Amino acid sequence: MGASCAQMTKLDEKMLDPSADLGEMSGLLTKTLLGSTALATAWGALVPDDTLRFTGMYLIGGLPIALVAIGSTAPGLLALPLQLSQRTGEAYRERVCRHEAAHLLCAYILGKPIAQVTVDGGKPSVVVYDEQSASSPGAFVAAEDLPALAVVAMSGMVAEALTYGDVLGAQADLQLLNNLMLRCRPPMAAQAQQDTTRWAALMAWTILKKYDQQYEAAYGALRDGADLRAAVAAIEGVEANAPAASAAA
C-alpha cells in the first residue's frame, strides 16, 4: 500500500512512515565530509609552514566531527539555516497558504471544529480544536477520533506535494500526527501507525481532488488574509453556487 499511496499522493514514501528519520542533515554531512577532505588536501599541499599546515588540516578535519556533535545534541541549529533559506519570500507565503488551506478544508469536510485561523507575518495558521486539546498534558485521543485527525494532519503536506512536487512543511505535521497516535487509546501498534499514516494521506488526497474548487476558494481566502469566518464563508460560497450553476447548465 505504501508505494501506491506515495505514487498517488506524490509524497515521499519515507514521509508515510512515522518512524522514519526525516532529517535533512545527511546531505549536509556528506557535503561537509567531502568538502573538508578536499580543503584539507589542498591546505596540506599549498601551505609551506609545517606548524600552520598541521594546525589548519587538524581544524578542517574536525568539521565533520563537529557537525555530527551538533546534530546529535541540537539538530535544530543545523536545520535553521536550511529552513531560513527555503522559507522566505512571496513564493513561500503562497506555499504556506496552500498548506493551511488543505488543513482548513479537510477539517471542514470531516466536521472537525476549527478553533482559529491566525496570521503571523502574512502567513496563516489553522488550529483545530481536537488537535489542540489532544496536545494538552495528560490528554488522550479516542481511537474513533484519530482517523479524521490524521487526515487533517496529513492534508497540508499532500497539498504541497500535489502543487509543487515536494514538501517543506512536513516536520510539524508529522510530529503532531505521531503525538496523536502515541496518545491514542487503546494504544496503536507500530504497523497500525504506519497504515494509518498512509491511509490518511490517501484520504487527504481524495478530499483535495474531490473538493478542488472549495480548496482553491480556501486558498484564495487565506492568501488574501481572511479570518476563520471569511475563509469558511469562501468554502461554503462554492457549495452554495454549485446548485445554481448546475441548474443554469
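Per my numbering, residue 1330 is the first one in the sequence shown, and the count goes up by one each step. Using N, Cα and C, we set each Cβ at its ideal position, and we do this for glycine too. Computed from a prediction, not measured in an experiment: that's the story for all the values here.
Starting from the C-beta of residue i, find all residues in its chain whose C-beta is less than 7 Å away, skip the five residues before and the five after it, and write them out in chain order.
i	result
residue 1564	1434, 1437, 1543, 1546, 1547
residue 1558	none
residue 1508	1464
residue 1560	1433, 1446, 1547, 1550, 1551
residue 1365	1389, 1390, 1392, 1393
residue 1485	1428, 1429, 1431, 1432, 1498, 1502
I need the straight-line Cα distance from residue i to residue j, nearest angstrom please.
i	j	result
residue 1517	residue 1483	18 Å
residue 1378	residue 1363	24 Å
residue 1374	residue 1361	20 Å
residue 1520	residue 1510	12 Å
residue 1526	residue 1388	44 Å
residue 1459	residue 1505	12 Å
residue 1496	residue 1524	20 Å
residue 1498	residue 1515	29 Å
residue 1528	residue 1534	10 Å
residue 1382	residue 1371	10 Å
residue 1541	residue 1394	48 Å
residue 1475	residue 1444	18 Å
residue 1562	residue 1502	25 Å
residue 1467	residue 1532	29 Å
residue 1461	residue 1568	28 Å
residue 1392	residue 1500	27 Å
residue 1472	residue 1441	15 Å
residue 1556	residue 1359	44 Å
residue 1570	residue 1418	34 Å
residue 1453	residue 1422	9 Å
Within a Cβ cutoff of 6 Å, which residues of the same chain sit near residue i, ignoring the five residues on either side of it in sequence?
i	result
residue 1455	1429, 1432, 1433, 1446
residue 1494	none
residue 1492	1427
residue 1539	none
Per DSSP, which residues does residue i bridge with? Please list them.
i	result
residue 1443	1457
residue 1470	1513
residue 1538	DSSP output for residue 1538 lists no bridge partner at all.
residue 1452	1449
List the whole-angstrom C-beta distance separating residue i from residue j, where the pair is believed to meet the contact cut-off of C-beta under 8 Å.
i	j	result
residue 1554	residue 1448	6 Å
residue 1457	residue 1481	6 Å
residue 1420	residue 1487	Not quite, the Cβ-Cβ distance comes to about 19 Å (not below 8 Å), so this is no contact.
residue 1367	residue 1390	Going by Cβ atoms, the distance from residue 1367 to residue 1390 rounds to 12 Å, so no, they are not a contact pair.
residue 1537	residue 1426	Incorrect: roughly 14 Å between the Cβ atoms, too far for contact.
residue 1477	residue 1439	4 Å
residue 1424	residue 1469	Wrong, their Cβ atoms sit about 33 Å apart, outside the cutoff.
Among the residues of its own chain, which have a CB less than 8 Å from the CB of residue i, if the five just before and after it don't count?
i	result
residue 1566	1546
residue 1376	1382, 1385
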